[in-house]
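Student:
Chains as they are written, first to last, in the working numbering: chain A, 3 to 242; chain B, 3 to 242.
1. Would a check of beta-carbon distances place residue 99 (chain A) closer than 8 Å to chain B?
2. Pull the bridge partners of residue 8 (chain B) from the DSSP assignment, please.
3. What in chain B is Cβ-close to residue 243 (chain A), meaning under 7 Å?
4. Considering only residues of the same chain and omitting the five flanking positions on each side of residue 88 (chain B), which have a CB-CB separation below 6 Å?
5. Cα-Cα, which of B:109, B:175 and B:168 is closest to residue 135 (chain B)?
6. On a Cα-Cα basis, can you pick out the residue from A:163, A:147 and A:146 that is closest to residue 245 (chain A)?
7. Output, in sequence order along the chain, the residues in the segment 136–150 of chain A whose CB is closer than 7 Å to any CB in chain B.
8. Which of helix, strand or coil does DSSP assign to residue 194 (chain A)?
9. Leaving out five residues on either side along the sequence, give the residues of the same chain with a beta carbon under 8 Å from the beta carbon of residue 84 (chain A).
10. Does the beta-carbon of residue 141 (chain A) have 16 or more other beta-carbons within 10 angstroms, so that it is buried, or is it exposed?
11. Please report the distance separating the alpha-carbon of residue 115 (chain B) from that of residue 129 (chain A).
12. Please check the pair residue 19 (chain A) and residue 47 (chain A), which I expect to be a contact at CB under 8 Å, by giving their CB distance rounded to whole angstroms.
13. Could you give the distance in angstroms between the alpha-carbon of residue 213 (chain B) and the alpha-carbon of residue 220 (chain B)?
14. Quick one: list the residues of chain A neighbouring residue 156 (chain B), beta-carbon separation under 9 Å, in chain order.
15. Let's see if you can read the secondary structure: which residues bound the alpha helix (DSSP H) around residue 173 (chain B)?
16. Quick one: list the residues of chain B neighbouring residue 72 (chain A), beta-carbon separation under 7 Å, in chain order.
17. What are the start and end residues of the alpha helix (DSSP H) that includes residue 33 (chain B)?
18. Please tell me whether residue 74 (chain B) and residue 98 (chain B) are closer than 8 Å, where the distance is taken between their beta carbons.
19. Determine the burial state of residue 43 (chain B): buried for a count of at least 16 other Cβ atoms within 10 Å of its Cβ, exposed for fewer.
20. Can you tell me where the alpha helix (DSSP H) holding residue 219 (chain B) begins and where it ends?
21. Mind reading off the beta-carbon distance from residue 104 (chain B) to residue 179 (chain B)? Whole number of angstroms is fine, and I expect it under 8 Å.
22. Hey, is residue 231 (chain A)'s beta-carbon within less than 8 Å of any beta-carbon in chain B?
23. Would residue 190 (chain A) pass as a contact of residue 239 (chain A) if the rule is Cβ separation under 8 Å?
24. Does DSSP classify residue 69 (chain B) as helix, strand or coil?
25. Report buried or exposed for residue 49 (chain B), applying the criterion of at least 16 other Cβ atoms within 10 angstroms of its Cβ.
26. Return the CA-CA distance between residue 226 (chain A) and residue 125 (chain A), expressed in angstroms with no decimal places.
27. Against residue 153 (chain A), what residues of chain B qualify as contacts under a CB-to-CB distance less than 7 Å, listed in chain order?
28. Return the first residue and the last residue of the alpha helix (DSSP H) that residue 203 (chain A) is part of.
29. Which one of A:10, A:16, A:34 and A:52 has the shortest CA to CA distance from residue 158 (chain B)?
30. Taking the alpha helix (DSSP H) that residue 26 (chain A) belongs to, which residues open and close that run?
31. Quick one: residues in its chain with C-beta nearer than 8 Å to the C-beta of residue 36 (chain A), no 5 flanking neighbours on either side, listed in chain order?
32. Express the C-alpha separation of residue 175 (chain A) and residue 198 (chain A) in angstroms, rounding to a whole number.
33. Determine, using beta carbons only, whether residue 183 (chain A) and residue 151 (chain A) come nearer to each other than 8 Å.
34. Which residue comes first and which comes last in the alpha helix (DSSP H) that contains residue 99 (chain B)?
35. Nearest-angstrom Cα distance between residue 111 (chain B) and residue 138 (chain B)?
36. State the Cα-Cα distance for the pair residue 228 (chain A) and residue 217 (chain B), rounded to the nearest angstrom.
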């Protein structure tokens with residue numbers, strides 16, 4: 003039976019980390035809210051008073067009888083099923099730990115344009131966003147990407163992937179944040195990535211995977227846009 | 003062999019979720035940075051160029067040969083070992099999903115006093131903090147606590163705990179956020195908790211657990227303070 007992914011239909015957002023794993027694995031799935039009437043299905047799911055395990059927010063995965071929310075929890079569930087996680091428990095937890103740290107980066111990237119209130123428009127928090135983005139560019143991006151670089155450098159398999167000898171969903175997620183940062187902060191991201199060549203190389207390797215390349219070229223890949231987590235506001239990037 | 007917890011010695015912070023689980027289980031552990039010379043040990047661990055699985059940030063747990071960071075990943079690891087998680091995999095993932103959502107609340111609570119830059123003082127971002135705290139009090143606290151209340155109301159075991167018939171680490175974590183919100187936002191938290199009686203009751207049940215009661219009365223429990231995640235700035239709470 004096909005997996006069902008419930009996520010906002012107009013953005014990559016957090017759902018994209020799940021989409022990339024499903025696409026790379028060639029797993030059958032329905033991106034529910036992008037189907038006719040699917041948005042109503044998503045909203046009904048969020049409000050379902052009968053749900054034993056109510057999801058707090060999308061993305062949500064339905065796998066048979068099970069309903070799972072929280073991006074990292076979804077990937078923890080999917081990893082072994084899609085052959086995108088190590089076979090041993092310690093390896094799986096390490097991949098999950100990397101994913102959780104990537105999730106922290108994603109939340110901070112979001113807050114660069116919404117530092118005050120997610121319910122307000124960006125235009126209502128522009129000066130604050132400029133201050134927050136400066137700290138993100140100068141402190142946080144180098145720290146997060148440098149950490150990923152150190153993991154690549156220390157992988158005893160020297161495979162070019164983050165964990166062990168084989169691709170895992172953490173590699174797909176690392177690709178996605180490189181893409182997102184390059185979109186949102188092209189100048190700052192380029193500067194940092196010049197110092198993290200292993201990570202930059204990993205992103206190119208992921209992009210060239212046949213299933214990922216086909217996905218990126220398909221209409222299933224939603225372009226980055228100003229509704230998503232990674233947004234391009236030139237005033238939040240460095241000056242040339 | 004005793005577990006080793008590496009966390010900042012002067013705050014509850016994210017380490018407290020791990021401390022509560024270890025204390026409730028009566029598990030032997032060393033709170034390394036609170037021992038003589040322990041802070042140097044913690045800093046050396048963060049900078050260890052030989053670490054195969056470098057931690058991004060504390061808390062970090064050492065369990066024999068394994069080194070695990072990210073609070074929710076630590077608890078995922080400890081849950082079954084401390085009998086604080088369900089026996090079945092689906093139940094464990096559900097407890098983990100709750101913990102991940104609590105982690106999101108914790109990050110947002112932190113950002114109420116540091117909406118702009120964690121490297122700056124609160125005094126350098128007070129007007130922004132006031133705006134962020136308003137959205138947190140009025141929108142986010144009710145949403146997060148209401149979600150936990152709905153989980154309690156829907157637990158088919160009707161046990162008073164979040165998942166199944168037995169206490170899990172998610173219950174301990176829910177107690178901790180109730181404590182933290184009551185400390186940081188006493189007026190707002192009281193208002194919201196009046197509408198989430200099951201959650202308020204859970205917090206009292208946790209507080210009365212013999213091992214937790216003994217811990218809270220001991221010097222091992224660091225008091226809330228102005229260095230931690232939950233801080234009391236009266237200007238960030240509602241007005242009476």
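Beta carbons are placed, not taken as given, at the ideal position from N, Cα and C, and that holds for glycine.
Tutor: Concretely, from the data shown:
1. Taking a beta-carbon distance threshold of 8 Å, residue 99 (chain A) counts as an interface residue toward chain B.
2. DSSP output for residue 8 (chain B) lists B:62 as bridge partner(s).
3. Outside the modelled stretch of chain A, which goes from 3 to 242, sits residue 243 (chain A), for which no answer is possible.
4. Correct list, in chain order: 94 and 166.
5. Nearest option by C-alpha distance: B:109.
6. Nothing can be reported for residue 245 (chain A), as the shown portion of chain A is limited to 3 through 242.
7. So the list reads 137, 141 and 149, given in the order they occur along the chain.
8. DSSP places residue 194 (chain A) within a helical segment (H, G or I) once states are collapsed to three.
9. These residues qualify, in order along the chain: 23, 24, 26, 27, 29 and 171.
10. By the 10 Å Cβ count, residue 141 (chain A) comes out exposed.
11. Distance between the alpha carbons of residue 115 (chain B) and residue 129 (chain A) is about 17 Å.
12. Distance from residue 19 (chain A) to residue 47 (chain A) at the Cβ level is roughly 19 Å; contact not present, criterion being Cβ atoms closer than 8 Å.
13. Within the model, the alpha-carbon separation for residue 213 (chain B) versus residue 220 (chain B) is close to 11 Å.
14. Within 9 Å of the CB of residue 156 (chain B), the CB atoms of chain A belong to 51, 52, 53, 54, 55 and 56, in sequence order along the chain.
15. First-last of the alpha helix (DSSP H) with residue 173 (chain B): 171–186.
16. Within chain B, the residues whose beta carbon sits less than 7 Å from that of residue 72 (chain A) are 99, 102 and 103, listed in sequence order.
17. Careful: residue 33 (chain B) lies outside any alpha helix (DSSP H), inside the beta strand (DSSP E) at 31–33.
18. Result yes, Cβ atoms of residue 74 (chain B) and residue 98 (chain B) sit closer than 8 Å.
19. By the neighbour-count rule (16 or more Cβ atoms within 10 Å), residue 43 (chain B) is not buried but exposed.
20. Run containing residue 219 (chain B): none; DSSP gives neither H nor E here.
21. Confirmed, about 6 Å.
22. For residue 231 (chain A), no CB of chain B lies under 8 Å from its own CB, so it is not counted at the interface with that chain.
23. Against a cut-off of 8 Å, the Cβ pair of residue 239 (chain A) and residue 190 (chain A) comes out as a contact.
24. In this structure, DSSP gives residue 69 (chain B) an extended state, which the three-state scheme calls strand.
25. Exposed.
26. A direct Cα-Cα distance of roughly 19 Å separates residue 226 (chain A) from residue 125 (chain A).
27. Result: 56.
28. Run containing residue 203 (chain A): 199–210, per the alpha helix (DSSP H) assignment.
29. Relative to residue 158 (chain B), the option among A:10, A:16, A:34 and A:52 whose CA is nearest is A:52.
30. Here the alpha helix (DSSP H) through residue 26 (chain A) covers 17–27.
31. Contacts found: 11.
32. Using only the alpha carbons, I get a separation of about 16 Å.
33. A distance of 8 Å or more separates the beta carbons of residue 183 (chain A) and residue 151 (chain A).
34. Residue 99 (chain B) -> alpha helix (DSSP H) spans 91–115.
35. Residue 111 (chain B) and residue 138 (chain B): Cα-Cα distance of roughly 8 Å.
36. Roughly 48 Å separates the two Cα atoms.
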